[in-house]
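Trainee: Quick note: to get the numbering used here, add 450 to the position in the sequence shown (first position is 1).
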Amino acid sequence: RTSSRVTSCCVPVSVGEMAENPHLELIYDKRWIEVQTNTFTNWVNNAVSSRGLRITDISTDFEDGLILIALFEILTGQKMPRYEKKPRIRAQKVGNLSTALQFIKDDGVRLVNIGPEDILDSNHKLILGLIWALILRYQIVGIEAGSPKALLLEWVNRKIAPYPVAKVVNFKGSWTDGNAITALCDAMQPGLCPLEGKTGDSLKDIERAMGLANTGLDPGIPLLLKPEYLHEALDDLSTMTYVSCYKDWEENQSKRKGDILKAGRCWMDGPGLEKGYTKVPNVFTIHSVDEDGSPATTGGDDFQVKLDGPDTPTVSVRDNNDGTYTAQYVTPTPGVYKVSTSYLGYPIKNSPASVEVEHAIDASQTYAEGRGLESGNVDDHQTADFVIHSVGPDGKPLTEGDNDIEVRVRSPNNSPCEVAVNDNGDGTYGVSYCAEEPGDYEIDVLAGGNHIKGSTFRVHVNQTIQPELVSGTFTYTVQAKDFNGNNITTGGADWKVNIKGPGDSEITVDTTDNQNGSYSAHYELAALEGEDSTFVVTCYLDGKTVGNSPFKHQLGPKPSIGKRLKNIFKGITGTNTARTVSSSGSYEGKEGNSAPNVAAARSSPAPAQPSPGSAPSGGDGLEGKLPFCVECGSKFPAPNLDKFCSECGTTR
């Protein structure tokens, strides 16, 4: 573990003592403060840049503890315990700083004479001491068995030994001529900064070496120290901080070489690299290896996968903990993509790979069905529909929507028809269209720009035949009689007629009291041919039903031209009949379901007003009956009124 005593690196006092003692020469050297502030600021920014953070004033930018906490997390690789994410008041800031300082103390960093209030109150020198303690612990790593300064000098001399330069003895004057830094830079990567390239201008030679170390190495050595500071030999702590970056680079380079070697042996394969499909998971496998190149059997490696193409979807990588890693991507856009896979930033064996992504829907297996595609089942001016079932390349139905579906309907004159396509979200699509005219239509159904199975569909559209209206206008009269069967010749009875049509619809009836003992009703009935055409008529005189009321009207099917009857009820009357029924140019249904059969009403002589009663017997038997066949118009002979029509067989 490193010592927090600066005695081991440059001066015989602790960091805290150096920062607090006003009699020490370094404290009064404002130039030294400037150099160290600049170097330590750069060191902090280099560390926290991975989180997009940056400080500009090392005295004040740590006051709320947030950047200091981020720095500690990066250096230790651990997460800080709970702290205030948005500190506003002093107490919250002190709390964050206390948590942060305790955190690094627990990680082995020895802090002397610095507390949260010192940071909050911008104690510049103590803050510099804190940063140096962090540099010793986390930057100059591995130098624990002895003086960090001595061990770092030993490492530098070992690296520059092959070069004709003087041995370095300190971190001040030994670096001012530019020879040591030039040799050290070239030692990292021979040929990068040869001594032959020196100009003789020491400052320019230092600038050259530091610049090449920053731009020529991978990764570059950060410019924590300005070249003129190294040339002027103002602060050995700053020089140590900068030079230690070379040692870190070399140590990490050995690991990088192993990582590069391992990356070059890892490989990837699987269907997601051979061909991809939109909107569905495309999967492939990454295979890791051990140090000897044999297939790994454990997990824990860091693989990153990037997909570049018409779209840039995220690629997920799952560690299977057996040396393999499952990668998966989903993209909505077809096209050619580049799959780049790396291990710790280094490309693996067969990366990048090129893969073509096609539409997930397989047009050759996708199909459509429904009445709208069946010839003879579609009528013009009627909505026709069908369903498209999307199928993937594996022959399985797709369960998600948003696929590339297109439907085109062309009329007999080759003009397009309006089509509605509804994505049901489950891999099916409802399609509806309305043909404006009869004839042969063509329907194209495309998935991903290709015709589906059976497309182009050819559908014959029928001409719609509207059902004819069956109707009739009826008028009949009820004659009131007394109990002796004599006609009553005065009116005044309460005469009402109620008619209910299909679905209990009410039919308007015009009723008339003729003021001579007879009462008339006039109404019109209508229904579409083939639909329910039954009407129930109920007649009331003084609140009581008349004769055989209620009775039914049923408008029968329209007879053929040869049998159609015109005005068959016009002027038909009979002895004792209580009604007259007429038809104004319409036709009537079959016997038994046609003309109303209303008995005459009778009343006794005593009451002044007629009362409903049953029709008298006797007469010619025509009461409530018709003397002819309503189907063919043949007259029924009187003896056969209740039998079949001798002409067409219709029941009377």
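Don't be surprised by glycine CBs; every beta carbon is placed ideally from N, CA and C.
Between P784 and P731, what straight-line distance do the alpha-carbon atoms span, to the nearest angstrom?
Mentor: The sequence position of residue 784 within the sequence shown is 334, counting from 1. The sequence position of residue 731 within the sequence shown is 281, counting from 1. C-alpha separation (whole angstroms): 13 Å.
Trainee: For the beta strand (DSSP E) containing K788, list its first residue and its last residue.
Mentor: Within the sequence shown, the letter at position 338 stands for residue 788. That run of the beta strand (DSSP E) goes G785 to Y793.
Trainee: Is it true that the CB of G720 sits closer than 7 Å to the CB of V739?
Mentor: Taking the first residue of the sequence shown as 1, we reach residue 739 at position 289. Taking the first residue of the sequence shown as 1, we reach residue 720 at position 270. Contact flag unset, no.
Trainee: Could you name the residues that DSSP lists as bridge partners for C989?
Mentor: Residue numbering aside, residue 989 sits at position 539 when the sequence shown is read from its first letter. Partner(s): V947.
Trainee: Identify whether G822 lies in helix, strand or coil by the three-state DSSP scheme.
Mentor: By one-based count along the sequence shown, residue 822 stands at place 372. Helix, per DSSP.
Trainee: What residues match up with Q639 in a beta bridge as DSSP calls it?
Mentor: On the sequence shown, residue 639 is found 189 positions in, with the first residue counted as 1. None; Q639 has no bridge partner.
Trainee: Can you check which of these residues, V780, V881, A520 and T925, is closest to I723 by C-alpha distance?
Mentor: The count along the sequence shown starts at 1 and reaches residue 723 at position 273. For clarity, residue 723 is Leu in the given sequence; the question names Ile instead. L723 has its Cα closest to that of V780, out of V780, V881, A520 and T925.
Trainee: Would you give the residue range spanned by the beta strand (DSSP E) that W717 belongs to?
Mentor: Sequence index remark: in the sequence shown, residue 717 carries index 267 (1-based). First-last of the beta strand (DSSP E) with W717: W717 to D719.
Trainee: Is the Cβ-Cβ distance between G851 and D812 less than 7 Å?
Mentor: For the purposes of this step, residue 851 is taken as residue 401 along the sequence shown, with counting starting at 1. For the purposes of this step, residue 812 is taken as residue 362 along the sequence shown, with counting starting at 1. Cβ atoms of G851 and D812: not closer than 7 Å.
Trainee: Would you grab the beta carbon distance between G898 and H809 for me? Rounded to a whole angstrom, and I think it's under 8 Å.
Mentor: The count along the sequence shown starts at 1 and reaches residue 898 at position 448. The count along the sequence shown starts at 1 and reaches residue 809 at position 359. Rounded, the Cβ-Cβ distance is 3 Å, consistent with contact.
Trainee: What are the boundary residues of the beta strand (DSSP E) that includes Q754?
Mentor: Here residue 754 refers to the residue found at position 304 when the sequence shown is read from its first residue. Per DSSP, Q754 belongs to the beta strand (DSSP E) from F753 to D758.
Trainee: Could you give the distance in angstroms between the alpha-carbon of E974 and the alpha-carbon of S968?
Mentor: Sequence index remark: in the sequence shown, residue 974 carries index 524 (1-based). Sequence index remark: in the sequence shown, residue 968 carries index 518 (1-based). Cα to Cα, E974 sits roughly 20 Å from S968.
Trainee: For N492, which three-state DSSP category applies?
Mentor: Start at 1 with the first residue of the sequence shown, and residue 492 comes out as number 42. Three-state result, N492: helix.
Trainee: Using only CA atoms, which one of L603, G726, T748 and T878 lies nearest to L757?
Mentor: If you number the sequence shown from 1, residue 757 lands on position 307. Per the Cα distances, G726.
Trainee: Can you list, in chain order, the residues of its chain whose CB lies under 6 Å from that of L642, leaving out five sequence neighbours each side?
Mentor: In the sequence shown, residue 642 corresponds to position 192, counting from 1. Excluding residues within five positions, the ones whose Cβ falls inside 6 Å are D636, L662 and G666.
Trainee: Does DSSP classify F933 as helix, strand or coil?
Mentor: What you label residue 933 is simply residue 483 of the sequence shown in a count that begins at 1. Here F933 sits in coil by DSSP.
Trainee: Run the proximity test for Q552: is its beta-carbon closer than 6 Å to any non-hydrogen atom belonging to the ligand GTP?
Mentor: Among the ligands in the structure shown, none appear at all, so the ligand GTP cannot be discussed.
Trainee: For the alpha helix (DSSP H) containing G708, list its first residue and its last residue.
Mentor: Translated into the one-based positions of the sequence shown, residue 708 becomes position 258. Its alpha helix (DSSP H) spans residues D686 to A713.
Trainee: Taking only three categories from DSSP, how would you classify N732?
Mentor: Here the question's residue 732 lines up with position 282 in the sequence shown. N732 falls in the strand class under three-state DSSP.
Trainee: Taking the alpha-carbon of M718 as reference, which of T776, Y588 and P644 has the nearest alpha-carbon?
Mentor: If you number the sequence shown from 1, residue 718 lands on position 268. Cα-wise, what sits closest to M718 is T776.
Trainee: Just to check my reading of the structure: V485 and I581 have Cβ atoms closer than 8 Å, yes? What is that Cβ distance to the nearest angstrom?
Mentor: One-based indexing of the sequence shown puts residue 485 at position 35. One-based indexing of the sequence shown puts residue 581 at position 131. That belief does not hold up - the Cβ atoms of V485 and I581 are roughly 13 Å apart, past 8 Å.
Trainee: DSSP three-state call for G877: helix, strand or coil?
Mentor: As a working note, residue 877 is residue 427 in the sequence shown. G877 falls in the coil class under three-state DSSP.
Trainee: How about L848 and G877: are their beta carbons less than 7 Å apart?
Mentor: By one-based count along the sequence shown, residue 848 stands at place 398. By one-based count along the sequence shown, residue 877 stands at place 427. Yes; because the gap between Cβ atoms is below 7 Å, this pair is in contact.
Trainee: Return the CA-CA distance between S882 and T728, expressed in angstroms with no decimal places.
Mentor: On the sequence shown, position 432 is the one that residue 882 refers to. On the sequence shown, position 278 is the one that residue 728 refers to. Taking the straight line from one Cα to the other gives about 26 Å.
Trainee: Which residues does DSSP pair with T984 in a beta bridge?
Mentor: Your numbering for residue 984 matches position 534 in the sequence shown. Looking at the DSSP assignment, T984 forms a beta bridge with Q1004.
Trainee: Report, in whole angstroms, the separation of the C-beta atoms of S694 and L602, which I expect to be a contact under 8 Å.
Mentor: In the sequence shown, residue 694 corresponds to position 244, counting from 1. In the sequence shown, residue 602 corresponds to position 152, counting from 1. Sure, about 6 Å apart at Cβ, within 8 Å.
Trainee: Return helix, strand or coil for I893, following the three-state DSSP convention.
Mentor: Here residue 893 corresponds to residue number 443 of the sequence shown, with the count starting at 1. Correct three-state label for I893: strand.
Trainee: Going by the CB atoms, is the gap between T689 and F621 shorter than 7 Å?
Mentor: Taking the first residue of the sequence shown as position 1, residue 621 is located at position 171. Taking the first residue of the sequence shown as position 1, residue 689 is located at position 239. Yes, these two residues count as a Cβ contact at 7 Å.
Trainee: Check the C-beta distance from T506 over to L578 and give it rounded, since I have them as a contact under 8 Å.
Mentor: As a first step, residue 506 is located in the sequence shown; it is residue number 56 there, counting from the start. As a first step, residue 578 is located in the sequence shown; it is residue number 128 there, counting from the start. Rounded, the Cβ-Cβ distance is 16 Å, inconsistent with contact.
Trainee: I want to see whether chain C comes within less than 7 Å of E868, judged by CB atoms only; does it?
Mentor: Annotation note: the requested chain C is absent from the structure, which comprises a single protein chain.
Trainee: Please determine, among G515, R608 and G820, the residue with the shortest C-alpha to C-alpha distance to G904.
Mentor: Taking the first residue of the sequence shown as 1, we reach residue 904 at position 454. Comparing Cα-Cα distances from G904 to each of G515, R608 and G820, the minimum goes to G820.
Trainee: Quick one: what's got a C-beta closer than 6 Å to L673's C-beta in the same chain, skipping five residues either side?
Mentor: To locate residue 673, count along the sequence shown from 1; it is residue 223. Taken in chain order, the residues that qualify are N664.
Trainee: Within 10 angstroms of its Cβ, does G845 collect 16 or more other Cβ (buried), or is it exposed?
Mentor: One-based indexing of the sequence shown puts residue 845 at position 395. Looking at its Cβ environment, which holds fewer than 16 other Cβ atoms inside 10 Å, G845 is exposed.
Trainee: What are the boundary residues of the alpha helix (DSSP H) that includes V544?
Mentor: Here residue 544 refers to the residue found at position 94 when the sequence shown is read from its first residue. Looking at the DSSP string, the run of the alpha helix (DSSP H) that includes V544 is R540 to D556.
Trainee: By a C-beta neighbour count over all protein chains shown, 10 Å radius and 16 as the cutoff for buried, is N573 buried or exposed?
Mentor: By one-based count along the sequence shown, residue 573 stands at place 123. N573 should be labelled buried.
Trainee: If you count every other CB in all the chains shown that lies within 10 Å of the CB of E657, and 16 or more means buried, which is it?
Mentor: The sequence position of residue 657 within the sequence shown is 207, counting from 1. By the neighbour-count rule (16 or more Cβ atoms within 10 Å), E657 is buried.
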